[in-house]
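Visitor: Shown below is the structure under consideration.
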Amino acid sequence: MSFQTDTIHAGVGPDKVYGAIMTPIYQSSTFVFEDIGKHRGFDYTRSGNPTRKALEDNLCALEGCSSAVAVTTGMAAITSTLSIFHAGDEIICTDDCYGGTSRLMKTVQEHFGIKVHFVNMQVAENILPFVNEQTKAVWVETPSNPLLNLVDIAAVSVLARERGLLTIVDNTFLSPFGQKPFELGADIVVHSTTKYLNGHSDVVGGAVLSNSEDLDKKLKFTVNALGTCAQPFDCWLVLRGIKTLVVRMREHERNALAVAQFLEQHPRVKRVFYPGLVNHPQHELAKKQQKSFGGMVSFELDGALEDVNRVLMGTKLFALAESLGGVESLIEHPASMSHASMDKEHREAAGITDTIIRLSVGIEDGDDLVADLQRALG
Numbered sequence: 019m020s021f022q023t024d025t026i027h028a029g030v031g032p033d034k035v036y037g038a039i040m041t042p043i044y045q046s047s048t049f050v051f052e053d054i055g056k057h058r059g060f061d062y063t064r065s066g067n068p069t070r071k072a073l074e075d076n077l078c079a080l081e082g083c084s085s086a087v088a089v090t091t092g093m094a095a096i097t098s099t100l101s102i103f104h105a106g107d108e109i110i111c112t113d114d115c116y117g118g119t120s121r122l123m124k125t126v127q128e129h130f131g132i133k134v135h136f137v138n139m140q141v142a143e144n145i146l147p148f149v150n151e152q153t154k155a156v157w158v159e160t161p162s163n164p165l166l167n168l169v170d171i172a173a174v175s176v177l178a179r180e181r182g183l184l185t186i187v188d189n190t191f192l193s194p195f196g197q198k199p200f201e202l203g204a205d206i207v208v209h210s211t212t213k214y215l216n217g218h219s220d221v222v223g224g225a226v227l228s229n230s231e232d233l234d235k236k237l238k239f240t241v242n243a244l245g246t247c248a249q250p251f252d253c254w255l256v257l258r259g260i261k262t263l264v265v266r267m268r269e270h271e272r273n274a275l276a277v278a279q280f281l282e283q284h285p286r287v288k289r290v291f292y293p294g295l296v297n298h299p300q301h302e303l304a305k306k307q308q309k310s311f312g313g314m315v316s317f318e319l320d321g322a323l324e325d326v327n328r329v330l331m332g333t334k335l336f337a338l339a340e341s342l343g344g345v346e347s348l349i350e351h352p353a354s355m356s357h358a359s360m361d362k363e364h365r366e367a368a369g370i371t372d373t374i375i376r377l378s379v380g381i382e383d384g385d386d387l388v389a390d391l392q393r394a395l396g
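Residue 313 in our numbering sits at position 295 of the sequence shown, with consecutive numbering throughout.
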């Protein structure tokens, strides 16, 4: 099946009882046993649920892997993945990552003794000085949030595998439509399904995917033990959203490129961060490892913080809000919003300045979005 067909049909089918075309919501906490030790595949929803399994099977088909576990949020996906490591282990993480990832990594380091090194991975070999006997994994976020810097997943995966390390990729910004980390050597992929996979800003969710039986067992055990599993109705909403993933992502990308090209020419914009621009320093890598340039655009305003505030409050279609990946366009200020939990020293070292604005470009008319930014920028 093609990717587009899989978004609609993989893991799901007409209900066998009544023939409903949509996957039923099995809103039940428990399932009746047929006999002692015998049930129909499910016993308790924390351990497994038919609606959740349909989503997990669908995600496996889209990412091209053997196992998926749907969890409550994107942060639950990261938490569950980090929980397979032990005190004394070390992890190398993308330095300009999502603020919530940074906060959790530092919390894990402080409370559970897992040391985290934040490293600029735009050159894959930059990870090597931080590899030692305690290192267990490389955590890659590409494109990064909010600077859209890229990491060569294949190059990092080769270096990691040669040293017995796992490669973990956060694929939230592109979804499996835009990037297939397993094809590039990843061992684990995490998602905030809240974002592009769901695409309608009406549910929070996450997923952890793997491509080995050993990792599958560890992750499923951890999610069941922690109780981070996704609920049936949330899974149903994500499944519904995935059915339009392809058509949505095409519009997101088309609008994002138009917005980025407009910003690139605007006199009040110092820099534009979008790998789809020909003059982006990693444009060739984006063409090589991505199937889409995505719908996220960031830019640095040539001005002071009060100028940033005027732009943030000056848009009509771009709503000032957290999150991303929905059909509606959003605008936000990373330093005070999505990355407020990242300490200022870390933000500045990673290049996330106070004058950077992040856009989640929706699927409205592209000309209207450009006009909205034109008015706000003045």
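We put the beta carbon where it would ideally sit given N, CA and C, even for glycine.
Since this is a predicted model, take the numbers as computed values, not measurements.
With C-beta atoms as the reference, is Y62 less than 9 Å away from S47?
Guide: Stepping through the sequence shown from its first residue, residue 62 is reached at position 44. Stepping through the sequence shown from its first residue, residue 47 is reached at position 29. Their beta carbons are under 9 Å apart, which means Y62 touches S47 by this criterion.
Visitor: Does the beta-carbon of G131 have 16 or more other beta-carbons within 10 angstroms, so that it is buried, or is it exposed?
Guide: Counting from 1 along the sequence shown, the entry for residue 131 is found at position 113. Exposed: under 16 other Cβ atoms inside 10 Å.
Visitor: Below 8 Å on the Cβ atoms is my guess for T190 versus H209; work out the distance and round it to an integer in Å.
Guide: Position 172 of the sequence shown, counted from the first residue, corresponds to residue 190. Position 191 of the sequence shown, counted from the first residue, corresponds to residue 209. Right, the Cβ-Cβ distance comes to about 5 Å (below 8 Å), so this counts as a contact.
Visitor: Please return the same chain residues whose Cβ sits closer than 6 Å to the Cβ of N274, not counting the five positions on each side in sequence.
Guide: On the sequence shown, position 256 is the one that residue 274 refers to. Here residue 274 turns out to be Ala, not Asn, going by the sequence shown. So the list reads G313, V315, V379, once near-sequence residues are dropped.
Visitor: Three Cβ pairs or more, each shorter than 8 Å: is that satisfied between the stretch 121–128 and the stretch 261–268?
Guide: The stretch 121–128 is not in contact with the stretch 261–268.
Visitor: CB-CB under 6 Å to P42, same chain, minus the five flanking residues each way: which ones, in chain order?
Guide: Taking the first residue of the sequence shown as position 1, residue 42 is located at position 24. Same-chain partners within the cutoff: D33.
Visitor: Count the other CB atoms within 10 Å of the CB of Q45; is the residue buried (16 or more) or exposed (fewer)?
Guide: Counted from its first residue, the sequence shown places residue 45 at position 27. With fewer than 16 other Cβ atoms within 10 Å, it is exposed.
Visitor: Can you determine whether any heavy atom of the ligand NAP sits closer than 8 Å to the C-beta of F195, and answer yes or no?
Guide: This structure simply doesn't include the ligand NAP, nor any ligand for that matter.
Visitor: Is the number of C-beta pairs between the stretch 313–333 and the stretch 283–300 that are closer than 8 Å three or more?
Guide: The stretch 313–333 vs the stretch 283–300: in contact.
Visitor: How many angstroms separate the CA atom of V207 from the CA atom of C247?
Guide: Here residue 207 corresponds to residue number 189 of the sequence shown, with the count starting at 1. Here residue 247 corresponds to residue number 229 of the sequence shown, with the count starting at 1. Straight-line Cα distance between these residues: approximately 16 Å.
Visitor: Is the stretch 363–382 in contact with the stretch 339–352, if contact means three or more CB pairs nearer than 8 Å?
Guide: Short answer: they touch.
Visitor: Would you identify the three-state DSSP class for R272, choosing helix, strand or coil?
Guide: Position 254 of the sequence shown, counted from the start, is the residue given in the question as residue 272. It is helical.
Visitor: Return yes when the Cβ of F291 is within less than 9 Å of the Cβ of M171, no when it is not.
Guide: Along the sequence shown, one-based indexing puts residue 171 at 153. Along the sequence shown, one-based indexing puts residue 291 at 273. With the sequence shown as reference, residue 171 is identified as Ile, and Met is not the correct amino acid for it. Going by C-beta atoms, I171 is not nearer than 9 Å to F291.
Visitor: Can the beta-carbon of L192 be found closer than 9 Å to that of P164?
Guide: Taking the first residue of the sequence shown as position 1, residue 192 is located at position 174. Taking the first residue of the sequence shown as position 1, residue 164 is located at position 146. In this structure, P164 does not lie closer than 9 Å to L192 by Cβ.
Visitor: Who does Y13 pair with in a DSSP beta bridge?
Guide: Absent from the structure is residue 13, since the part of the chain shown begins at 19 and ends at 396.
Visitor: For A105, does the count of other Cβ atoms within 10 angstroms reach 16, so buried, or fall short, so exposed?
Guide: Here residue 105 refers to the residue found at position 87 of the sequence shown. By the 10 Å Cβ count, A105 comes out exposed.
Visitor: By how many angstroms is the C-alpha of S98 removed from the C-alpha of V277?
Guide: To locate residue 277, count along the sequence shown from 1; it is residue 259. To locate residue 98, count along the sequence shown from 1; it is residue 80. Using only the alpha carbons, I get a separation of about 36 Å.
Visitor: By the 10 Å Cβ neighbour count, where 16 or more other Cβ atoms means buried, how is F398 classified, buried or exposed?
Guide: Residue 398 lies beyond the stretch modelled for the chain, which goes from 19 to 396, so this question has no answer here.
Visitor: Identify every run of the alpha helix (DSSP H) within the stretch 132–197, keeping only runs that are complete inside it and at least 4 residues long; order them along the chain.
Guide: Fully enclosed alpha helix (DSSP H) runs of 4 or longer: 171–180, 193–196.
Visitor: Let me confirm a value: K213 is counted as buried when at least 16 other C-beta atoms fall within 10 Å, else exposed. Which label applies?
Guide: Against the sequence shown, residue 213 aligns to sequence position 195. Flag for K213 reads buried.
Visitor: Out of E74, A95, S85, which one is the CA nearest neighbour of L244?
Guide: The residue labelled residue 244 in the question sits at position 226 within the sequence shown. Checking every option, the nearest Cα to that of L244 belongs to A95.
Visitor: Tell me the residue span of the beta strand (DSSP E) that contains E81.
Guide: One-based indexing of the sequence shown puts residue 81 at position 63. Per DSSP, E81 belongs to no beta strand (DSSP E); it is in the alpha helix (DSSP H), 68–81.
Visitor: Roughly how many angstroms separate the alpha carbons of F311 and R58, rounded to a whole number?
Guide: Residue 311 sits at position 293 when you count from the first residue of the sequence shown. Residue 58 sits at position 40 when you count from the first residue of the sequence shown. So the two alpha carbons sit approximately 43 Å from each other.
Visitor: Here's the rule: buried if 16 or more other CB atoms are within 10 angstroms of the residue's CB, otherwise exposed. What is N150?
Guide: Numbered from its first residue, the sequence shown carries residue 150 at position 132. N150 comes out exposed.
Visitor: Relative to the C-alpha of L1, which residue among L303, R393, A368, V221 is closest?
Guide: Because the chain here runs from 19 to 396, residue 1 falls outside it and cannot be looked at.
Visitor: Can you give, in chain order, each stretch of the alpha helix (DSSP H) that sits fully within the stretch 193–277 and has at least 4 residues?
Guide: Qualifying alpha helix (DSSP H) stretches, in chain order: 193–196, 231–244, 250–260.
Visitor: Measuring only the C-alpha atoms, how far is E324 from D24?
Guide: Counting from 1 along the sequence shown, the entry for residue 324 is found at position 306. Counting from 1 along the sequence shown, the entry for residue 24 is found at position 6. Cα to Cα, E324 sits roughly 47 Å from D24.
Visitor: Find out if the Cβ-Cβ distance for the pair I102, T240 is shorter than 9 Å.
Guide: Counting from one through the sequence shown, the residue named residue 102 turns up at place 84. Counting from one through the sequence shown, the residue named residue 240 turns up at place 222. Yes, the pair counts as a contact, with Cβ atoms nearer than the cut-off.
Visitor: The beta strand (DSSP E) with R376 in it runs from where to where?
Guide: Here the question's residue 376 lines up with position 358 in the sequence shown. That run of the beta strand (DSSP E) goes 374–378.
Visitor: Look up A86 in the DSSP assignment and give the residues it is bridged to.
Guide: Residue numbering aside, residue 86 sits at position 68 when the sequence shown is read from its first letter. In the DSSP output, where bridge partners are listed per residue, A86 has L227.
Visitor: What is the rounded straight-line gap between the Cα of N76 and the Cα of A28?
Guide: For this step, residue 76 is matched to residue 58 along the sequence shown. For this step, residue 28 is matched to residue 10 along the sequence shown. Whole-angstrom Cα-Cα distance: 5 Å.
Visitor: How about the stretch 249–256 and the stretch 296–309: do they share at least three Cβ pairs that are nearer than 8 Å?
Guide: Because the criterion of three Cβ pairs below 8 Å is not met, the stretch 249–256 and the stretch 296–309 do not touch.
Visitor: Output the boundary residues of the beta strand (DSSP E) element that contains R289.
Guide: Taking the sequence shown and counting its residues from 1, one reaches residue 289 at position 271. That run of the beta strand (DSSP E) goes 287–291.
Visitor: Taking the Cβ atom as the reference point for each residue, do V169 and V158 lie within a distance shorter than 9 Å?
Guide: For the purposes of this step, residue 169 is taken as the residue at position 151 of the sequence shown. For the purposes of this step, residue 158 is taken as the residue at position 140 of the sequence shown. Yes, these two residues count as a Cβ contact at 9 Å.
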